[in-house]
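Have a look at the structure below before the remarks.
Numbering (the working numbering), first residue to last: 125 to 465.
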C-alpha cells in the first residue's frame, strides 16, 4: 500500500497590525502573497467597522443608542453576533457577549496599547453580565434587539471568527494553502504544507523566529480548522493597585482568578477553539474534564507551570487528529506563533 504525500512547498508571509492586535498571513504560493494580503486588509477593515467596541462610528457601538428597539444590521455584523451567541450557548454562558459594561468598568475601554498607558484608578465591583439570552437576533429580517443598558463586546469571538472567514475566502480565491493568525487565533484553509502548518503555542508573546526565553512551549502541525490560545498574562495591566486582565467572568464582571495561565485548543474552526479556551479559563478547576467531554484536544498550563493535556492533543510523533506533533522539516520556515492574547 502506498500513500501520496503533499510535495514540499515554499511559503511566504506578511506581518502587520489590525484590530488592535498582530496579523500574520502565510500562503503556500509566494506569488499570491501581495494580492491575498490586500484582500485580508480590506476584510479586516470591514470587520473593524462592524464589530469594534472602540470606534464611535462602528455598527456595534450604534446599538447602544437603540434604546431596546430592533435595529437592522449588516450581514457581517449579524454573522459575528450569531457566532458570539452560539459560543455563549456552547460554553454554558461562560463566554458571554453582554460583558461590554464590565469590560469598561475594569478599564478596558479603548485600544489595549492605550489601556496599559492609563493610570486612572478603578473601583472594582461585582456586577453580573446581563446575559446573552436577552439579546435577540433575527437572521431572517437582519435585525438585532439589545435591551437598554446592555453593551456588547465581541472580543472573545470576533477575531477568531474573522480569521476563519478570511482564511476560507482567500484559499478559495487563490487556490493555495492559507494561514491567518489574528493575535494568536489561527485559522488554516486550503492544502497545507507537507507536515502541516507548524504552530508554536507558548505563554509569552515573542517573535516568530525566536523560541520563548521563559515558560513552556510546544510545536504542533495543524492540517485544518483552527488553533487558539487564551491566557491571563498576555493582556494585563495594573490600575489603582489592582492587577487586571481581559478574561472576564460573566458571573461577577471581574477578571477571572483561574488555576490556568494559558489554555490552547484545536478545533474544526478557530472560533470554536477560541471560545473553548476562554471558557476553560472561566470554568477553572475541572476545565480539562469539560474539554474532554467536548472532544477537544487541549493543552492547559497551570499557574505553577504544570502542563495538562486532553485526549487528542499530540504528545509524540504518533499523535493524530486536527493537530499533530511534528518537528519542522529541514529547510521549513520557522513555526508560526500561537501566543495567548
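Where is the CB? At the ideal position from N, CA and C, for every residue including glycine.
Keep in mind it's a predicted model, so treat the numbers as computed, not measured.
Asked                                                                                                                           : Found
Residue environment, residue 265, which counts as buried when at least 16 other CB atoms sit within 10 Å                        : exposed
Inter-stretch contact (C-beta, 8 Å, three-pair minimum) for the segment 389–402 and the segment 305–312                         : yes
Where the beta strand (DSSP E) containing residue 110 begins and where it ends                                                  : With the chain covering only 125 through 465, there is no way to say anything about residue 110.
Cut-off 6 Å between Cβ atoms - residues of its own chain near residue 298, not counting five sequence neighbours on either side : 156, 160
Whole-number beta carbon distance between residue 184 and residue 278, since they are thought to touch under 8 Å                : 7 Å
CB of residue 401 within 8 Å of CB of residue 353, strictly                                                                     : yes
Simplified DSSP assignment, three categories, for residue 318                                                                   : coil
Of the residues 427, 317, 335, the one placed nearest residue 134, counting alpha carbons only                                  : 317
Euclidean distance between Cα positions of residue 207 and residue 272                                                          : 22 Å
Touch test, the segment 216–223 against the segment 188–197, Cβ-Cβ under 8 Å, three pairs minimum                               : no
Distance, residue 356 Cα to residue 428 Cα                                                                                      : 13 Å
Strand pairing of residue 371, partner residues [DSSP]                                                                          : The partner list for residue 371 (beta bridge, DSSP) is empty, contrary to what the question assumes.
Three-state secondary structure (DSSP) of residue 140                                                                           : strand
C-beta atoms of residue 151 and residue 300 nearer than 8 Å                                                                     : yes
Those residues which DSSP pairs with residue 418 across a bridge                                                                : Answer is none; residue 418 lacks a bridge partner.
Member of 144, 274, 381 whose CA lies at the smallest distance from the CA of residue 408                                       : 381
Span of the beta strand (DSSP E) around residue 148                                                                             : 145–151
Residue 141, buried or exposed, once every other Cβ within 10 Å from all chains shown has been counted against 16               : exposed
Reference residue 217, options 146, 425, 406, 431, closest by Cα                                                                : 406
Residues bridged to residue 313 (per DSSP)                                                                                      : 302
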